[in-house]
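See structure below.
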Amino acid sequence: MRTQVAIIGSGPAGLLLGQLLSKAGIDHVILDRVSKDYILGRVRAGVLEEGTVRLLDEAGASERLHAQGLPHGGFSLAFDGRNHRIDLSGLTGGKQVTVYGQTEVTRDLMQKRESGGERTIYSADNVTIHDFGASNPFVTYESGGKTHRINCDFIAGCDGFHGVSRHSVPEDAIRTYERAYPFGWLGVLAEVPPVSHELIYANHPRGFALCSMRSMTRSRYYVQCPLDDKVEAWTDERFWDELRRRLPKENAEAVTTGPSFEKSIAPLRSFVAEPMRFGRLFLAGDAAHIVPPTGAKGLNLAASDVHYLFEGLRDYYVDHSTAGLDAYSQRALLRVWRAVRFSWSMTMMMHRFPDTGAFGQKIQEAELDYLVHSRAASTALAENYVGLPF
Ligand code: FAS
Ligand code: PHB
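Letter 331 of the sequence shown, counting from 1, is numbered 350 in the working numbering, and no numbers are missing.
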């Protein structure tokens with residue numbers, strides 16, 4: 020098979036890039052090592068920045084998002100027993116975020132892709148990338164007991180943190196920066212109305228908690244838990260009790276409990292690989308960076324990477340210029356590090372660390388108290404949360 024761009028990974032990054040390339044008439048194929056249903060079974064992000072929504076508009080995959088997504092003009096920070104609303108829209112000249120699950124974004128992009136007859140190869144085993152330092156790279160994979168080859172001009176590594184792309188780069192050609200956090204997030208989905216119409220990020224001496232949602236009838240909650248904790252150790256009853264202990268009284272009393280239908284523990288890390296380009300191979304999304312979900316940036320960073328990479332590929336094929344591709348890594352990393360910093364700072368401010376102690380708790384509460392009472396500090400938080408410009 021021959022194509023212009025081989026995309027590895029059918030997550031949000033790969034699918035969004037595929038749709039933008041399709042609209043520009045640039046031939047491509049997407050490969051993924053798992054099935055479509057497996058991808059749709061993953062529960063991940065829930066908050067979209069305006070830039071991400073615009074890209075989904077451009078990709079022609081935002082109809083359901085606009086019909087069902089929940090525009091949010093603020094969220095609350097809960098600490099020391101009280102809620103403090105951050106007026107995102109008021110502080111950013113009217114900007115807002117949209118609450119809409121990543122699973123639905125993925126579903127919408129997949130449906131758009133299938134209706135356009137684009138090629139996606141699922142359950143592709145042993146995907147391997149070759150000669151990406153030369154001008155004629157290719158990808159091989161195994162399917163149906165045979166090895167297949169895809170000749171291409173470029174390879175987009177959209178295959179997430181554990182993917183093959185970044186791991187194919189020689190160690191002396193890549194620098195990585197990492198911070199692993201000594202705790203995880205236990206996440207729950209339940210068909211119950213959310214405790215509030217907006218998100219609540221809670222700092223509590225027992226640990227962080229987050230009240231989010233997927234709709235006004237489906238709630239998404241998280242509590243910080245030990246890194247070695249096990250989902251089996253958490254009955255629904257224990258979860259609801261712990262969540263309520265970490266919320267202000269007004270919220271704790273208003274929580275609607277019910278049976279969970281998804282419960283999982285995710286580790287938290289900050290990670291960046293530099294550069295994000297290696298000859299004809301470009302890394303985008305989680306393949307290049309990971310942020311703790313405290314700042315709701317993971318999915319949105321994948322979108323801005325795709326924006327820069329698509330512009331570079333379009334300039335190459337349409338304007339016969341390599342300027343965009345040559346600038347890709349530097350442009351993407353500038354925004355990546357700003358989001359990594361923001362996600363790190365939110366994580367440090369909101370979570371209980373092994374060495375936090377009584378003094379550390381008071382310092383976190385003092386930082387939060389200053390933040391919610393300073394227009395300058397709240398504005399800085401708000402402009403990062405709604406998303407810095409692309
Ligand atoms: P993805 O990981 O989504 O997709 C990569 C794709 O590549 C996968 O489908 C995988 O099967 C495929 N792949 C991997 N290796 C391959 C190989 N060798 N060959 C072929 N295909 C291969 N972000 C938020 O903003 N908020 C959150 O609450 C949040 N929660 C998260 C919870 C978890 C458990 C995880 C892991 C991430 C979470 N994230 C969250 C971040 C998440 O949303 C990512 O940022 C987002 O999925 C990034 O999309 P992609 O870069 O497309 O990577
Ligand atoms: C979610 O709804 O899954 C979610 C929302 C905001 C975050 C993280 C996760 O910061």
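Just so it is clear, CB atoms sit at the ideal spot from N, CA and C, and this is done for glycine as well.
In the structure shown, Val-242 falls within a strand segment according to DSSP collapsed to helix, strand and coil.
For Ala-273, the secondary structure class from DSSP, reduced to helix, strand or coil, is coil.
Straight-line measurement puts the Cα of Gly-176 at about 9 Å from the Cα of Asp-305. The set of residues whose C-beta lies within less than 5 Å of a heavy atom of the ligand PHB reads, in chain order, Gly-65, Val-66, Ser-231, Arg-239, Pro-312, Ala-315.
For the beta strand (DSSP E) assignment, the uninterrupted runs of no fewer than 3 residues enclosed by the segment 114-145 are, from N- to C-terminal side, 116-118.
Taking 7 Å as the cut-off, the C-beta of Pro-31 counts as close to a heavy atom of the ligand FAS. Take Ala-273, set aside five residues on each side of it, and the residues of its chain with a beta-carbon closer than 6 Å to its own are Val-214, in chain order.
Excluding five sequence positions before and after Glu-384, the CB atoms of its chain that fall closer than 8 Å to its own CB belong to Phe-98, Asp-99, Asn-222, given in chain order. Closest in alpha carbon position to Ala-143, among Gln-121, Gly-277, Leu-50, Phe-94, is Leu-50. Cα atoms of His-392 and Leu-208: separation of roughly 33 Å, rounded to the nearest angstrom. DSSP places Val-310 outside any beta strand (DSSP E), giving it a letter other than H or E. Shown here, Ile-219 sits in a strand according to DSSP, grouped into three states. The ligand FAS never approaches Arg-354 closely enough for any of its heavy atoms to be under 7 Å from the residue's Cβ. In this chain, Pro-373 is not harboured by any alpha helix (DSSP H), its DSSP state being neither H nor E.
For a cut-off of 8 Å, the C-beta gap from Leu-59 to Val-405 is around 28 Å, too long to register as a contact.
For the segment 314-379, the full-length alpha helix (DSSP H) segments reaching 4 residues or more read 317-337, 342-369 along the chain. Note on Gln-130: under 16 other CB atoms within 10 angstroms of its CB, so exposed under the neighbour-count rule. Following the DSSP letters along the chain, one finds Ile-58 inside the alpha helix (DSSP H) bounded by residues 55-59. Residue pairing of Val-291 in beta bridges, as defined by DSSP: Tyr-196, His-308. Relative to the ligand FAS, the beta carbon of Leu-50 is positioned inside 7 Å of a heavy atom. Under the DSSP assignment, His-47 falls in the beta strand (DSSP E) whose first and last residues are 47-50.
For Asp-99, the Cβ stays outside the 7 Å cut-off from all heavy atoms of the ligand FAS. Following the DSSP letters along the chain, one finds Ala-303 in no alpha helix (DSSP H), marked with neither H nor E. When DSSP reads this structure, Phe-202 sits in a beta bridge with Pro-245.
Lys-165 is classed as exposed because its beta carbon has fewer than 16 other beta carbons within 10 Å across all chains shown. Note on geometry: alpha-carbon atoms of Asp-56 and Ala-346 lie some 36 Å from one another.
Annotation: Ile-193 to Ala-321 spans about 19 Å, alpha carbon to alpha carbon. Of the candidates Asn-170, Asp-388, Thr-125, Asn-170 places its Cα closest to the Cα of Thr-147.
If you check the C-beta of Cys-171 against the ligand FAS, you find no heavy atom less than 7 Å away. Contact check for Arg-233 against Gly-120 passes: the beta carbons are separated by less than 8 Å.
The segment 234-253 makes contact with the segment 275-288: 3 or more CB pairs, one atom from each, lie closer than 8 Å.
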